[in-house]
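Using my numbering, you'd call the opening residue of the sequence shown number 51 and step up by one each time. Each residue gets a CB set at the ideal place from its N, CA and C atoms; glycine is no exception. Heads up: the structure comes next, in structure tokens.
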Amino acid sequence: MEGHPDTVSFFFFIPPYSANFGAMHKYNNKLINETSPYLLQHAHNPVEWYPWGDQALKKAKAENKPILVSIGYAACHWCHVMERESFEDENTASLMNENFINIKIDREERPDLDHIYMDAVQAMTGSGGWPLNVFLTPNAKPFYGGTYFPPVRAYNRASWQETLQGVITAFSEKRSEIDAQAENLTEHLLKSNSFGLQKLEDTEGLFTKEKLQEAFENLMKTADKEWGGFGKAPKFPQTFSIQFLLRYSHFFDEKLALTQALLSLDKMIEGGLYDQAGGGFARYSTDTEWLAPHFEKMLYDNALLVAVLSEAYQLTNTERYGEVIAETMEFIKREMLHPQNGFYSALDADSEGEEGKFYVWKKEEVELLLGNDAAIFCDYYDVSEKGNWEEKNILRVKKPLELFAVDHSIAVHQLKGILANGKIKLLEQRNGRVRPLLDDKIILGWNALMNTACSKAFAATGNEEYRKLAIDNMEFLLKNFTTADPDEFYHTWKNGLSKFPAFLDDYAFLIEALIRLHEITANTGWLMKAKAITETVIENFTEPETGLFFYTRSDQDDVIVRKKEVYDGAVPSGNAVMAGVLYQLSIFFDKNDWKQRSLDILSSLGQAIIRYPTSFGCWNCLLLEMATGTVEVAITGKDFSLTHTELLMQFVPQKILMATSVENEQFALLAGKSINVTPLIFVCKSFSCLKPVSSVDEAMDLIKGSKRAN
């Protein structure tokens with residue numbers, strides 16, 4: 051969740067983004083040789099920044115100085131603000147350089163450090179966000195911190211220089227109290243690592259329809275039934291909760307769940323959160339109506355939204371969902387795809403020093419571009435003279451297309467043509483503007499999420515481009531992120547250089563992507579790779595006492611706490627995804643120990659996932675699968691591809707799917723099945739199969755019958 055700075059109105063001018071990137075620079079610091087765009091933004095600050103590492107940490111101990119750790123990311127609006135106001139100011143920099151060892155961290159490169167120090171600041175202040183500024187003892191233990199600090203007192207916050215002076219004085223005059231605070235806070239972080247983990251005595255009682263209904267009812271208590279989504283502004287997509295509602299509605303015929311899930315998707319698609327001209331989604335909305343987004347575009351948000359839209363499209367066959375999948379995938383290919391088929395991380399919210407400037411419009415601009423079509427285009431997309439956001443216009447849809455066509459006495463196909471042509475012209479015009487900064491580092495876990503989205507988009511639409519993109523991207527990841535051990539990975543890649551040992555999220559998301567890639571290709575090599583990587587995770591990340599997984603490897607020694615992340619945040623919990631892949635792989639490979647471990651991990655969260663479903667959406671999806679069962683489907687035949695593709699397009703959210711053109715005794719689901727010219731579909735449970743059928747319609751009847759039986 052963002053801190054206060056990202057929820058206030060941005061009304062002041064910030065100097066142009068390019069100010070740091072002239073031909074000559076007055077200052078250079080230790081960030082100059084980094085690859086992170088965020089760190090490079092600060093490489094010419096007068097602050098003597100260091101990257102996190104031995105050089106800075108040893109220097110702090112040698113000089114007995116407090117450490118200032120400042121954490122942000124390239125697309126962070128308020129990070130840019132604080133840089134320009136404070137970190138580019140020579141007087142402020144002098145104060146920092148003289149009294150602190152100053153370390154800059156890209157939270158996307160080192161999410162482990164971000165998690166630790168964010169937890170510390172939230173414990174101290176009750177809130178968090180970016181930029182995150184935290185003060186550490188020379189032993190790297192936190193004792194004070196906050197988020198954005200203004201250059202002068204504002205927003206009920208002390209100025210940055212006042213804050214620095216206060217820390218300098220306290221460190222000099224109250225060192226024992228500082229050390230005690232740091233020890234207490236570190237102990238708190240260790241204890242809070244197990245918050246919410248309670249072993250249920252009656253594990254069977256968790257896997258019931260009644261418990262799932264309780265989770266559903268608790269989720270609906272937070273639902274915005276007018277504008278979709280959950281909670282109040284700022285509103286995040288919360289795709290995991292939407293996914294749970296889609297699946298819950300499917301298994302229990304709960305219309306209210308389906309209504310809320312589709313309302314949430316519809317309102318996001320109609321609002322400014324969705325880029326109506328260019329496709330793709332911004333990170334979150336600053337208002338309840340999804341009008342004014344925080345304009346940064348993150349790879350992971352778009353991946354997660356494509357994935358859940360694909361499920362919604364399979365379930366409802368709503369044309370607009372298919373269109374948005376196509377538009378968002380086109381945006382990803384156009385603006386987020388590296389030539390070697392990796393996906394970039396993010397697009398900034400700012401350009402030319404203003405948030406959103408790249409995306410918003412004046413009415414006269416639209417009229418000049420569209421001529422006679424401008425009036426109806428502007429009416430449809432809420433473009434006016436006075437504007438709908440800070441005297442400019444964010445394109446949004448206030449009335450469904452069919453109803454708008456009726457009200458304006460225009461044929462639907464004619465209206466679609468006007469809107470499509472108008473968007474093409476606006477996009478061409480927009481492409482001539484100064485573009486937001488691209489964060490071009492490539493992150494393993496986020497790429498894996500997008501890989502899963504490609505697989506799900508192919509499954510829902512049958513568009514071969516998406517399957518090819520998933521294969522090409524996976525080959526890129528396996529080639530460029532592996533260490534000397536082919537089943538161990540790095541976290542980031544840029545300019546041919548891989549860095550930082552991969553984290554639990556990276557591994558979990560990669561394993562899930564490999565399972566989904568097997569599902570759409572029937573290539574069991576992807577499945578075997580998923581199994582091998584899972585074994586690596588079990589070896590290097592396991593907490594023996596609980597069976598859960600640490601966020602960092604057992605041999606990582608530069609963190610003060612090995613955290614276990616169980617809550618879903620902007621991306622799903624690595625532990626939730628690992629529990630899910632263990633469960634699915636246990637069926638593929640008939641490994642009951644993995645299934646039991648998955649069940650134990652889920653049970654260890656006790657009632658938390660039921661009581662707080664917005665924080666445990668992925669866990670609730672797994673709970674739903676364990677409670678209602680997993681259908682096993684095998685397709686055999688000399689040429690199974692058309693049958694395979696047709697079946698993938700159906701909404702079967704809890705399935706194990708394998709297909710083969712040759713006899714295969716390696717997998718229990720395929721063993722003993724002969725191969726005919728005509729494809730056959732076997733619907734099974736616990737490897738016990740019903741009589742095979744030859745059509746997808748017949749198979750779906752069997753699958754639906756299995757659902758009723760559960």
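Check, Outcome
"For residue 757 and residue 543, what's the separation of their Cα atoms in angstroms?", "43 Å"
"In the structure shown, what three-state DSSP assignment does residue 541 receive?", "strand"
"What did DSSP end up calling residue 443 once you bin it into helix, strand or coil?", "strand"
"On the criterion of 16 or more Cβ atoms from any shown chain inside 10 Å, does residue 622 qualify as buried, or is it exposed?", "buried"
"Hey, out of 404, 459, 431 and 469, whose CA is closest to residue 440's CA?", "404"
"Looking at the structure shown, is residue 210 part of a helix, part of a strand, or coil, going by DSSP?", "helix"
"For the candidate residues 115, 133 and 120, whose alpha-carbon lies nearest to that of residue 94?", "133"
"Check the DSSP bridge columns for residue 735 and list the partner residues they point to.", "738"
"Where does residue 161 sit, in a helix, a strand or coil, going by DSSP?", "helix"
"Looking at residue 642 and residue 598, is the spacing between their C-beta atoms short of 8 Å?", "no"
"Could you compute how far the alpha carbon of residue 96 sits from the alpha carbon of residue 201?", "16 Å"
"Can you tell me whether residue 374 is buried or exposed, with buried defined as 16 or more other CB within 10 angstroms of its CB?", "buried"
"What residue range does the beta strand (DSSP E) around residue 100 cover?", "99-101"
"May I ask you to list the residues that DSSP assigns as paired with residue 344?", "334"
"Check whether the Cβ atoms of residue 632 and residue 647 lie closer than 8 Å to each other.", "yes"
"For residue 324, which three-state DSSP category applies?", "strand"
"If you drop the 5 nearest sequence neighbours on each side, which residues of the same chain put their C-beta closer than 6 Å to that of residue 136?", "142, 201 and 210"
"Taking the alpha-carbon of residue 381 as reference, which of 329, 362 and 355 has the nearest alpha-carbon?", "329"
"Nearest-angstrom Cα distance between residue 150 and residue 117?", "5 Å"
"Grab me the residues of residue 586's own chain with a C-beta within less than 8 Å of its C-beta, minus the 5 sequence neighbours each way, in chain order.", "535, 537, 538 and 557"
"Alpha carbon to alpha carbon, how far is residue 102 from residue 737?", "51 Å"
"Give me the DSSP bridge partner(s) of residue 398.", "Per DSSP, none; premise fails for residue 398."
"What residues in its chain sit with their C-beta under 6 Å from that of residue 371, if we drop five residues either side in the sequence?", "359, 362 and 363"
"My guess is that residue 154 and residue 239 are in contact by the Cβ rule of under 8 Å, so how many angstroms apart are they, rounded?", "About 22 Å separates the two Cβ atoms, so there is no contact after all."
"Hey, which unbroken runs of the alpha helix (DSSP H) at 4 residues or more fall wholly within the segment 668-705?", "691-698"
"In chain order, what residues of the same chain have a beta carbon less than 7 Å from the beta carbon of residue 41, not counting five sequence neighbours either side?", "Absent from the model: residue 41. The displayed extent of the chain is 51 to 760, so no value can be given."
"In or out: residue 315 buried (at least 16 other Cβ within 10 Å) or exposed?", "buried"
"Hey, quick one: how far does the beta strand (DSSP E) through residue 121 stretch, first residue to last?", "117-122"
"Use the C-beta contact count for residue 161: other C-beta atoms within 10 angstroms, 16 or more gives buried, fewer gives exposed.", "buried"
"With a CB to CB cut of under 7 Å and the five nearest residues on each side skipped, what residues in its chain are close to residue 291?", "269, 280, 663, 664 and 667"
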